[in-house]
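Below you'll find the structure, written out as structure tokens, and then a few comments.
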Amino acid sequence: MKKIIYGCAYYDEYMPYERLEKDIEMMKKAGLNTVRIAESTWSTEEPHEGEYDFSHITKVMDAMEKNGIDVIIGTPTYAIPYWLAHKYPEVMADTHRGRNPYGARQLMDISNPDFRKAAERIIRKLAEITCRRKCVIGYQLDNETKHYDACNEHIQKAFVQHLREKFHGSLKEMNRTYGLDYWSNLITDWDVFPDIRGTINGSLACAFEEFQRSLVDEYLAWQAAIIREYKRPDQFITHNFDYEWRGYSYGVQPMVNHFHAAECLDITGCDIYHPTQSHLTGAEIAFGGDSARSLKQDNYIVLETQAQGFPNWHPYPGQLRLQCYAHLASGAGGVNYWHWHSIHNSAETYWMGILGHDFEENDVYRDVCTIGHELERIPDHIVNLKKKNKAAVMVSNTALSALTRFPIDMDATFQAGSSYNDIVRRVYDTMYQMNLECDFITPEHEDLSRYSLIVLPALYAVDEACLNRLKKWTAEGGTLVSTFKTAYADENVKVYTDRKPHILHEVFGTYYHGFTFPENVTLAGTDGQAELFMEFLENEGCEELYRYDHRAWRQYAAITKNSYGKGTAFYIGTLVPETVLKEILSNAAQCADIELCEESYPLIVRKGFNQYGKKLTYVLNFSEKEETYTLKENAQDLLSGVRFEKGQAVTLNETGVLILESE
Amino acid sequence: MKKIIYGCAYYDEYMPYERLEKDIEMMKKAGLNTVRIAESTWSTEEPHEGEYDFSHITKVMDAMEKNGIDVIIGTPTYAIPYWLAHKYPEVMADTHRGRNPYGARQLMDISNPDFRKAAERIIRKLAEITCRRKCVIGYQLDNETKHYDACNEHIQKAFVQHLREKFHGSLKEMNRTYGLDYWSNLITDWDVFPDIRGTINGSLACAFEEFQRSLVDEYLAWQAAIIREYKRPDQFITHNFDYEWRGYSYGVQPMVNHFHAAECLDITGCDIYHPTQSHLTGAEIAFGGDSARSLKQDNYIVLETQAQGFPNWHPYPGQLRLQCYAHLASGAGGVNYWHWHSIHNSAETYWMGILGHDFEENDVYRDVCTIGHELERIPDHIVNLKKKNKAAVMVSNTALSALTRFPIDMDATFQAGSSYNDIVRRVYDTMYQMNLECDFITPEHEDLSRYSLIVLPALYAVDEACLNRLKKWTAEGGTLVSTFKTAYADENVKVYTDRKPHILHEVFGTYYHGFTFPENVTLAGTDGQAELFMEFLENEGCEELYRYDHRAWRQYAAITKNSYGKGTAFYIGTLVPETVLKEILSNAAQCADIELCEESYPLIVRKGFNQYGKKLTYVLNFSEKEETYTLKENAQDLLSGVRFEKGQAVTLNETGVLILESE
Amino acid sequence: MKKIIYGCAYYDEYMPYERLEKDIEMMKKAGLNTVRIAESTWSTEEPHEGEYDFSHITKVMDAMEKNGIDVIIGTPTYAIPYWLAHKYPEVMADTHRGRNPYGARQLMDISNPDFRKAAERIIRKLAEITCRRKCVIGYQLDNETKHYDACNEHIQKAFVQHLREKFHGSLKEMNRTYGLDYWSNLITDWDVFPDIRGTINGSLACAFEEFQRSLVDEYLAWQAAIIREYKRPDQFITHNFDYEWRGYSYGVQPMVNHFHAAECLDITGCDIYHPTQSHLTGAEIAFGGDSARSLKQDNYIVLETQAQGFPNWHPYPGQLRLQCYAHLASGAGGVNYWHWHSIHNSAETYWMGILGHDFEENDVYRDVCTIGHELERIPDHIVNLKKKNKAAVMVSNTALSALTRFPIDMDATFQAGSSYNDIVRRVYDTMYQMNLECDFITPEHEDLSRYSLIVLPALYAVDEACLNRLKKWTAEGGTLVSTFKTAYADENVKVYTDRKPHILHEVFGTYYHGFTFPENVTLAGTDGQAELFMEFLENEGCEELYRYDHRAWRQYAAITKNSYGKGTAFYIGTLVPETVLKEILSNAAQCADIELCEESYPLIVRKGFNQYGKKLTYVLNFSEKEETYTLKENAQDLLSGVRFEKGQAVTLNETGVLILESE
């Protein structure tokens, strides 16, 4: 890319009165250079089946082109028009909760043939009128696509066919692999398969979820192929991935395998929403960014992030700027707000844009202006930031699904407590706070050699091939860190039948037969509580870093370290206090030859290389007061233009940012 | 009326053994003068379709007439017999949760034609045998009628027809007004309308709720018209309205527009249930009473209130008497208990009556006797109490519906927090505690001139005509007080596209672009926290009474005061502590020439004029200890007969009551 | 029996690889003498309709027989194969929540004719191949059978037929008995009966629940009759009853009348699961044991209890042994773990067995070895322990159902609070802690003469015959203790229409008209709070042990004592502190000539007589430290062989056990 994309979603369709000229004037004043349009507006573009009206699209492209603002075209398929649902009721997803009613977006079966036919027509029409336009720099396929838990009959049939192939037609093999004998659940006829929604078999349920995720891969690839028939080589194809949602972007997306789904794209896109005000830490920005960047090991575009968002997200002065640079510091090639103006009706009235409902200049708009003008000054030095992280965190949709079925701290009434993403985020957030940057990889990642440190948070269900790769990589000098609940079940969510962690217990020099939920258990020699889950670690040759302090469990280790071949392996058998986790990770980083800076959260330091091959160091102050950063080498701050000497202490104001360029 | 109606619901149908003679003897001993019968007993009166048995009704009328006890006849339609549901399954309401099963009352579609036919027959039969009876003083239509969220197909069709008329057949106009372009929800064919239950469009959903409420108006008017064919001129028609239920009567009823529905009645009726024991404050009695009285600006009957009610409501000694006079102090023309005896089976076994399950005299019955004898002594001095309040609170079903869809403190996961009625009650309860009496009015209220103070709690969605009336009224000398979240959206729940509060920002001399949920925000110069919601008030010429104290928001005002024309306007931008709210309301009362007495809750003072034109002042002690009231003028206590001099301090015992008559 | 059954459930079907030889070797090493097999494995045994495969069964029987391990055969009907549900969809229970999907166990309609046909076939086949096997010592019918809330159409029809018979065809009688006139619910045609699931009539709902429970009796008796056609006289028939489940075995089972259902059995079986670690009290073991023993006034088998169970149940060292002896101390004839090995797939992966997922020896297995070897040493002295308790607690499914419909502390929004089993457990647990052993009886129990103390916890709905029996028994010298909420309604859940407690108020010398939920109410003269519910007790000749201390309620008694004939009766009108409850129960025990020992929880003392007619005293230390027991007479500890003298103080370690044999 040649510049940082700085833009917003724009909906001429939703304007209560004619605003285009005025809006463009305000955008230009603010330094916004891109708008994303058309996404989710199908019913405007095709009010009746086969009758098209792209006047809003054409009008906006005309005006943007004239004003030098780029346009990203979103295919509108994420929200379907009612005539489609009315004519083809099967288009609506039939989920674990029953058939979805028409109304919201994201309620359809994305693999339904009638949906596909209609979607293909509107995508082709839209591509035709947009692909030759100069302003159009790229396409976004659909939006935040997921499988929406569609369990429609044809999907279930396809799933059975998939199983038939996977097990080479052997029911016996499937029954054994999934343990369907339990509670009399054996399948004895491929054509007599119970509705998957009733199953209590965790393996089968997880296999179906995996199949559902594969529908997303196929669907996006199908859209990409259509767009490729039209688009110019200089136009990109992207998609707006989102994360597990807990009122904000939290963790690994359960309904999509991002790594698989991204294969059809030219560039990754994502949306990242996060707490603000006194709850802003930047952790979600970094997590979402590291995740998105890792999909293609390249830059990505933040296609949506909040301007005002909800009332409780209304940013303090300066926070919007800090957030923007935090995105860039993770390797974002662009930051787009959702959305330009707040909407006056319907469902998301209080998911507010840059402008409020009154369209007047406000505090947020003024912050956007500040950012826009800064970005215009220094684009070539910050665009296309590349990372060379030596640490990786291994994440897995399979582990996530499995630990949703078998929660870490499931209580006696089968109520789930903490889940996979809680552990992923606990590990990731600690690394984030230590300024220990990382990529994300999955168990399918074959070449581990570029990493010297790999962390496995609750990698519960994983195949032996991956475990053997990790074993070999450690033997060859890698530093492996794992939490509890790793390597317990295979990729079919069948628990391994020997010592745990399966295969890796040799690497860690420890194993366990039992586990419990800790109550009043501390790590011996500390005040720190063991929380959530604890494994009874027994010594198979390791160094015991910590034992449990509890009258019944004091013979067991809590955290171990082991030399394995040329490498080192740490095993953390319980949820430990943050201070202890930092100590272990520091120890591991040292083993992995990763140098940590002395600064830590709230002063965030993130690094990479720009297109001139120079080192860029983003220093971001997430504290509510001044913080001091000490220069590691001579460098120039790209924002202020000031040059600093190595060893110099620089004071950053609240929400302050440095972008240090050095050799 | 000639006397205070003092009575109870009576169900001869439910008696486990013959009790009528004994019950009447006990009623007469207690001074009860009225029974309400027949309501909800349809299956007894018409055990098979077209076979009638009014023997219980006739027997009770005979006995009551003989003993000089008046009878109110309730039409039995609030609970339908099973043969009706069996023969016409469509009679059951089809709601957002699906088709109701038969069982409870209030589960039918009140607009269903088969229900109407059957209801008409039983109403006519009942009217025939009762209308000429001397003891029958009036009719209650149905009971606590609501729309029960019926979304049956014919209702939805009628709604579409209603929209077609409202928008003069213009789909474009409807789509624009409701913002249906959002998420591809455009309606492009009047005959292809999605099931309303799936909609995520707040405007459309609120429009449907309004339409559902109109079904209640039409239904009660239809029943009234039938009864009017039979009844004598001296017999009244009433209805038993109820309030938003939160385990007791809490606020504005979401499913009925009481003001509209009451138009067909001769006299308003309502039920009021409330916490008792140490939780008795009288606030619900006053709120329900002021609400009911305001519907026709006249006296009303409390058709149901608790004797014992639930175990946790069993009154302390004296509370039943205090409660009764609190009803009369609001302008009630009668107080009827639900019900005479506690029921031995079914669903409401522990919603207890005056008598417990053993039918013996008990502490509650003895308190009823005390009250009954007092009321017999002084009827002509207390009946027909008239109020001339100068303050009014404006309430709105439209605002309620809108703030249910768009809750004030909706969090990021769309979980609703506080709602419209929380704000209404916060404002009302504060006024109640200050002894600042008020009427309720709605945005349709055209003549505002009788009021000098109008309060707008969260009048979120309101039409411009009302806002212009309020503006004009303030300019002409009125005192207007508004909380946050007022004049934000129009009557179609479309957010206004200019400065907020729309139109009124000129009156208040303040406006805002943004808002948030306060965290650790105080009102500058006080310890008081800003709670729930805060608007960033900017100065358009007002006096800033309070600013926010928070490092990010200190440039914004929290509470403002403004002179506008001959009037004054206060705007309260956040939920403020009670002490501050009282200070603002006192200030406003002074501006509005309303004199407040020095007494306040727990000593409640409520006033009016009796039919001799004399001033009545009820003084009610809701404290658990003695309180002192200072006479404002010479007066006689109607209960004790004692005369007091102006300035004299009178001590009221716990639960003590004075009814002071003065010139 | 000749020995204590010590075993576990064993599922060769679920083994991930061939384990049988190895498992038996480990079992023998541990001293396990019995396995329970076949239960819930229908789909393995009959993979297609009519195609049988009992190879796992035969293989296991062969191996066990060879190794001298006994086998209990469970009929597999508790989990149905999918081909059955597929062919006969009506087999799935249609519950209050709708038709069950296929998947889990216990989702079928046990009275469905097609289910019965298929069940009969598999039971007969299984019986044929097992009944002549030497190792097979008995049969378990089905597993944890309940009615699963099946409300299928044919069940409802049968229920109506049942009502027709019960009321001799008189609709009038039924309507009156159940109070169906309320809310217009009268039934006026036997053939036009509303779906029972919609009813709001508590009496009708409870009658249906009773009818549903009777389906379990009929079903088990039907299975028993089939098995009896095959089994040898020395083979027993049992069933695995379970208790109300609150994450562990809590109280009286709502869906089964254990006393009725057990009639078809030779010996009672049950499962008991309970908290462990620092939450282990033994109360559930004693409760479940006393319950099971009371069904036939004889020994019973614990067919399932936890080895490891859930992670939070993983026992501390020694707890498994303590638990085992606690079962025996209640009269258990056997203790069987669920299950041998932890399962690697499906739903109950973390409901762990003796062996974990790795099949290795672990801490739990080692404890099993200890127990197994001890039991082998002393079988004839501890087997067939008989009890002669003088105290009984009366429990009732009818009261339970009624108090589920009408919860004790139902709040104003009809949310249920505490229920029947909370009160039963409060009373039982206090007796347990006092080492006051008891049987359980029901209101149907005719001969009360063997008991000198009967306790009635919340015996809410009960027939007059029972009340008259209790009255007569007290008059003849019994000591009766009752809590609040007793004798309030009849067996049809119709509230009695006279003084409460009905009939018994004469016995207690007290009655009440009203009640409330206590707030800030203490028992006068103590610090103890009245909790949950309080009745306003009035004096009808009793001694008032405690009054309430509250300004409104101080005229009422809280706890009373009364001489009635030759007996004594205590009435407890509110939920009292444990110290007070113990005081009352001690007082009552004294009146009943029951001698209490000075030891109390955490030192549990439980007694009986062995087959040599000698007295056995189990002393069980549930504390986490040493406790001292003082010998009441000369005795020998069967475990250690040590003889103690009367008066000698013996120290028990944490989890320590004595089994004292004395004359």
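Chains as they are written, first to last, in the numbering used here: chain A, 1 to 663; chain B, 1 to 663; chain C, 1 to 663. Here a beta-carbon is modelled for each residue, glycine too, at the ideal position from N, C-alpha and C. Everything numeric in this text was worked out from a predicted model, so none of it was measured.
task: Please say whether Ala79 of chain C and Ser184 of chain A have beta carbons closer to each other than 9 Å?
output: For this step, residue 184 of chain A is matched to residue 184 along the first sequence. For this step, residue 79 of chain C is matched to residue 79 along the third sequence. It is a contact, given that the beta carbons lie within the stated cut-off.
- request: For Thr442 of chain B, count neighbouring Cβ atoms within 10 angstroms of its own Cβ and tell me buried if that reaches 16, exposed if not.
  value: As a working note, residue 442 of chain B is residue 442 in the second sequence. Burial call: buried.
- prompt: chain A beta carbons: is any one of them nearer than 9 Å to that of Tyr6 of chain C?
  reply: To locate residue 6 of chain C, count along the third sequence from 1; it is residue 6. Output row for Tyr6 of chain C: interface = no.
- prompt: Taking one C-beta from the segment 124-140 of chain B and one from the segment 65-72 of chain B each time, how about it: are there three or more such pairs within less than 8 Å?
  reply: yes
message: Between which residues of its own chain and Thr522 of chain A is the CB-CB distance below 8 Å, once the five residues before and five after are set aside?
response: For the purposes of this step, residue 522 of chain A is taken as residue 522 along the first sequence, with counting starting at 1. So the list reads Gly528, Gln529, Ala530, Tyr548, Asp549 and His550, once near-sequence residues are dropped.
task: Work out the CA separation of Glu476 of chain B and Asn587 of chain B for me, nearest whole Å.
output: Mapped onto the second sequence, residue 587 of chain B falls at position 587. Mapped onto the second sequence, residue 476 of chain B falls at position 476. Taking the straight line from one Cα to the other gives about 19 Å.
message: Please classify Tyr17 of chain B as buried or exposed, where buried requires at least 16 neighbouring CB atoms within 10 angstroms.
response: The sequence position of residue 17 of chain B within the second sequence is 17, counting from 1. Tyr17 of chain B is exposed by the Cβ-count criterion.
Simplified DSSP state of Arg366 of chain C, which is helix, strand or coil: For the purposes of this step, residue 366 of chain C is taken as the residue at position 366 of the third sequence. The answer is helix: DSSP assigns Arg366 of chain C an H, G or I state.
- request: From the DSSP output, in three-state form, read off Met394 of chain C for me.
  value: For the purposes of this step, residue 394 of chain C is taken as residue 394 along the third sequence, with counting starting at 1. Correct three-state label for Met394 of chain C: strand.
- prompt: Would you say Glu304 of chain A faces chain C, with C-beta separation under 9 Å as the test?
  reply: Residue numbering aside, residue 304 of chain A sits at position 304 when the first sequence is read from its first letter. Taking Cβ atoms only, chain C never reaches closer than 9 Å to Glu304 of chain A, which makes this a no.
field: Candidates B:Asp298, B:Pro275, B:Ile272 and B:Trp245: closest to Phe259 of chain B by CA position
entry: Your numbering for residue 259 of chain B matches position 259 in the second sequence. It is B:Asp298 whose Cα lies nearest to the Cα of Phe259 of chain B.
field: Coil, strand or helix - Ile594 of chain A by DSSP
entry: Along the first sequence, one-based indexing puts residue 594 of chain A at 594. Ile594 of chain A: coil per DSSP, three-state reduction.
task: Assign Thr58 of chain C to buried or exposed, taking buried as 16 or more other Cβ atoms, counted over all protein chains shown, within 10 Å of its Cβ.
output: Walking along the third sequence from the start, residue 58 of chain C turns up at place 58. Thr58 of chain C comes out exposed.
query: Under three-state DSSP, which class holds Leu385 of chain B?
result: The count along the second sequence starts at 1 and reaches residue 385 of chain B at position 385. If DSSP states are grouped into helix, strand and coil, Leu385 of chain B belongs with coil.
message: Looking at the secondary structure, which residues open and close the beta strand (DSSP E) in which Cys8 of chain C lies?
response: Locating residue 8 of chain C in the third sequence gives position 8, counting from the first residue. From DSSP, the beta strand (DSSP E) with Cys8 of chain C extends over Ile5 to Ala9.
- prompt: Closest Cβ-Cβ distance between Ser346 of chain C and chain B: below 9 Å?
  reply: For the purposes of this step, residue 346 of chain C is taken as the residue at position 346 of the third sequence. Closer than 9 Å: no.
- request: Would you decide whether Thr579 of chain A is buried or exposed? Buried here means 16 or more other CB atoms lie within 10 Å of its CB.
  value: Here residue 579 of chain A refers to the residue found at position 579 when the first sequence is read from its first residue. The residue in question, Thr579 of chain A, is exposed, as its Cβ has fewer than 16 Cβ neighbours within 10 Å.
query: Using a Cβ-Cβ cut-off of 7 Å (strictly less than) and excluding sequence neighbours within five positions of Phe515 of chain C, which residues of its own chain qualify?
result: Numbered from 1 along the third sequence, position 515 holds the residue referred to as residue 515 of chain C. Only Phe533, Met534, Glu535 and Phe536 meet the Cβ criterion.
- request: Could you tell me the distance, in whole angstroms, from the CA atom of Glu244 of chain C to the CA atom of Leu470 of chain A?
  value: One-based indexing of the third sequence puts residue 244 of chain C at position 244. One-based indexing of the first sequence puts residue 470 of chain A at position 470. Cα-Cα distance, rounded: 47 Å.
field: Contact check, His502 of chain B vs Asp490 of chain B, beta carbons under 9 Å
entry: Here residue 502 of chain B refers to the residue found at position 502 of the second sequence. Here residue 490 of chain B refers to the residue found at position 490 of the second sequence. Contact: yes.
query: Among B:Phe622, B:Glu627 and B:Gln648, which residue has its Cα nearest to the Cα of Tyr325 of chain B?
result: As a position in the second sequence, residue 325 of chain B is number 325, starting the count at 1. When each option's Cα is compared against that of Tyr325 of chain B, the closest is B:Phe622.
message: I'd like to know if His339 of chain C contacts chain A, where contact means its C-beta is closer than 9 Å to some C-beta of that chain.
response: Within the third sequence, the letter at position 339 stands for residue 339 of chain C. Judged by the 9 Å Cβ criterion, His339 of chain C is not in contact with chain A.
query: What residues from chain A crowd round Gln223 of chain C, counting only those whose CB sits closer than 7 Å?
result: Along the third sequence, read from residue 1 onward, the residue named residue 223 of chain C stands at position 223. In chain order: nothing, as chain A lies at least about 17 Å away.
query: In terms of residues, what are the limits of the alpha helix (DSSP H) holding Arg469 of chain B?
result: For the purposes of this step, residue 469 of chain B is identified with residue 469 of the second sequence, where counting begins at 1. Element bounds for Arg469 of chain B: Glu464 to Ala475.
- prompt: Measuring CA to CA, which of B:Asn384, B:Gln611 and B:Ser346 is closest to Gly179 of chain C?
  reply: Position 179 of the third sequence, counted from the first residue, corresponds to residue 179 of chain C. The shortest C-alpha separation from Gly179 of chain C is found at B:Ser346.
Pair within 9 Å by beta-carbon distance, Ala332 of chain B and Leu295 of chain B: Here residue 332 of chain B refers to the residue found at position 332 when the second sequence is read from its first residue. Here residue 295 of chain B refers to the residue found at position 295 when the second sequence is read from its first residue. No, the pair does not count as a contact, with Cβ atoms beyond the cut-off.
query: Where does Trp338 of chain A fall in DSSP's three states?
result: Locating residue 338 of chain A in the first sequence gives position 338, where the first residue counts as 1. Trp338 of chain A: strand per DSSP, three-state reduction.
message: Residues of the segment 396-409 of chain C in Cβ contact with chain B at a cutoff of 7 Å, in chain order, please.
response: Phe406
task: Can you tell me which of C:Tyr512, C:Met15, C:Phe570 and C:Cys597 puts its alpha carbon nearest to the alpha carbon of Gln555 of chain C?
output: Here residue 555 of chain C refers to the residue found at position 555 when the third sequence is read from its first residue. Out of C:Tyr512, C:Met15, C:Phe570 and C:Cys597, C:Tyr512 has the C-alpha closest to the C-alpha of Gln555 of chain C.
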